[in-house]
Amino acid sequence: MTAPRKLHIKSYGCQMNVYDAQRMVDTLAPEGFVETSSVADADLVILNTCHIREKASEKVYSELGRLRVAKDAAALTGRQMNIVVAGCVAQAEGNEIIRRAPVVDVVVGPQSYHHLPQLLAQAKAGGRALETEFPIEDKFGFLPPPKPAAIRARGISSFVTVQEGCDKFCTFCVVPYTRGSEVSRPVAKIIDDVKRLADNGVREITLIGQNVNGYHGEGPDGRPWPLGTLLTRLAEIPGIVRLRYSTSHPRDVEETLIEAHRDVPALMPFVHLPVQSGSDRILGLMNRKHTAKDYFDVIERFRDARQDIAFTSDFIVGFPGENEEDFAATLALVTQIGYAGAYSFKYSPRPGTPAADLQETVSAAVMDERLVRLQELIDSQQSAFNAAAIGNTVDVLFERAARNPGQIVGRTPYLQPAHVMASEDIIGQVLPVTLTSLERYSLLGTLATPPIQPLQPVPSHSVTGA
Ligand code: 5AD
Ligand code: SF4
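Letter by letter, the sequence shown follows residues 217 to 682 of the numbering used here.
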């Protein structure tokens with residue numbers, strides 16, 4: 217038997233990359249690769265890159281500098297280390313990577329991960345390989361499903377890609393170019409994936425897609441199913457107790473999705489719904505094709521269906537032409553909605569996107585100052601949201617043993633980490649927890665009712681606190 221080869225994979229950016237990294241591991245497992253957390257020990261290093269903002273892309277080249285040192289060190293001991301650049305920087309800058317970074321053996325775009333074994337064989341034979349085409353064949357159909365042991369090792373919560381690509385063409389965004397146009401996976405394949413995950417201990421599924429509520433995969437009836445119908449069907453799969461989805465576009469919120477929030481208890485009342493700006497003028501320049509009022513109306517539809525629903529969002533400050541009045545409209549929108557949290561970014565011009573040609577740029581100093589003001593407002597809303605949970609009894613899905621001995625950590629419906637003293641038997645169960653205090657972003661609480669399995673005695677020296 218040959219010794220397993222070691223694979224180190226580092227992902228940047230979005231949840232789709234986390235998911236793709238797992239699929240690459242699954243694709244390379246039959247080739248004899250096992251994962252390692254150490255770069256120095258690796259026979260193969262994959263950088264799964266993100267191109268969404270300039271800073272994210274720059275990281276690739278500095279990381280490649282470090283990898284050159286590791287590759288040279290491995291060579292000194294007679295060991296070959298191969299380096300792969302995958303993800304959206306690979307897709308967008310493939311030729312440049314090959315030119316600028318001789319250390320790289322393979323460049324592979326997100327649509328071609330199923331070709332990794334052949335590309336690596338090419339590299340082993342002494343060549344360098346680049347594949348950034350959008351092949352006609354369905355990448356999903358060619359990626360092997362994870363083995364039961366891999367699923368169990370990854371825990372009780374799992375992502376499942378249901379849709380990839382984006383047809384929205386917001387003027388600042390590279391996604392339509394790096395991930396291509398929208399493709400939805402057929403319902404039957406998603407059901408198979410979710411059943412396999414549930415059979416191996418997964419309890420929570422997050423459906424992911426760049427524009428996930430644009431989902432319109434073929435249903436068993438031969439017709440396109442919207443996301444709400446898919447979620448309703450997945451909730452019937454035994455073992456699945458929680459469903460989530462990300463990332464949504466406000467323009468694609470169909471009534472079936474609202475109905476699912478009203479009728480499907482497993483569908484969590486927590487929605488990431490990016491708005492980017494509160495100014496209609498800037499929304500127009502961004503080609504968002506909705507106004508602030510349209511966004512408020514969508515939020516109202518969700519709230520009418522499910523009163524305890526909470527929202528998060530993404531914001532860009534300093535989009536070209538954004539003036540103080542536009543920015544004030546963003547702050548006003550945030551104040552009016554009241555978020556459970558949000559991500560905010562300084563605008564970063566991306567080569568090839570229409571906004572990169574806009575002349576009226578906002579100075580770095582103004583961007584910095586606006587980002588601070590926006591983040592302060594969002595932070596205060598997030599703190600208030602978390603503090604409001606104290607004293608409530610909420611359902612927590614328990615995930616794993618916490619760092620502190622005797623503590624188990626789970627998540628509330630709003631993804632807040634919640635810690636209780638309990639035995640590991642409760643992992644995988646949803647149990648009501650009375651929340652008693654908040655330490656930074658973690659809630660502490662006590663089990664409100666005894667779990668289904670009898671509790672093991674908890675050692676008396678255990679400490680509380682995250
Ligand atoms: N500059 C800054 N932020 C961006 N985002 C996407 N493109 C850019 C860009 N060019 C942000 C948006 C998006 C999130 C994933 O990243 O807010 O929702
Ligand atoms: Fe990018 Fe999202 Fe706009 Fe699509 S909808 S172009 S992914 S920001």
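The beta-carbon is built from N, C-alpha and C at its ideal position, and this holds for glycine as well.
Ranked by how close their Cα comes to the Cα of V276, the residues P220, V320, L336 have V320 in first place. Every residue whose Cβ sits closer than 6 Å to any heavy atom of ligand 1 is listed here in chain order: I268, R269, F388, C389, P490, Q492, D530, I532, F561, Y563, S564, R566. In this model, R239 and P481 are separated by some 29 Å (Cα to Cα). At a threshold of 7 Å, V428 does not count as near ligand 2, since its beta carbon sits no closer than that to any of the ligand's heavy atoms.
If you look at M637, you'll find it in the beta strand (DSSP E) that goes 633-637. Segment contact: the region 492-506 against the region 521-537, three or more CB-CB distances shorter than 8 Å; contact assigned.
Cα atoms of Q338 and R344: separation of roughly 7 Å, rounded to the nearest angstrom. Counting the other CB atoms within 10 Å of its CB gives S227 a total of 16 or more, which places it among the buried residues. For ligand 2, a non-hydrogen atom lies closer than 7 Å to the CB of F385.
Residue environment for F358: exposed (fewer than 16 other C-beta atoms within 10 angstroms of its C-beta).
Taking the CA atoms as reference points, R504 sits about 34 Å from V457. The bridge partners DSSP lists for K562 are V533. Within the same chain, T472 come within 6 Å of T445 by CB-CB distance, once the 5 residues on both sides are set aside. Scanning R419, A580, T652 for the CA closest to the CA of A604 turns up T652.
In the structure shown, Y393 falls within a helical segment according to DSSP collapsed to helix, strand and coil. Around Y559, the same chain offers T528, S529, D530, F531 as residues with beta carbons nearer than 8 Å, after the five sequence neighbours per side are excluded. In this structure, ligand 2 has a non-hydrogen atom nearer than 7 Å to the beta-carbon of V391. Three or more beta-carbon pairs separated by less than 8 Å are not found between the region 504-513 and the region 569-578, which leaves the two stretches without contact.
Secondary structure of D383 (DSSP, three-state): coil.
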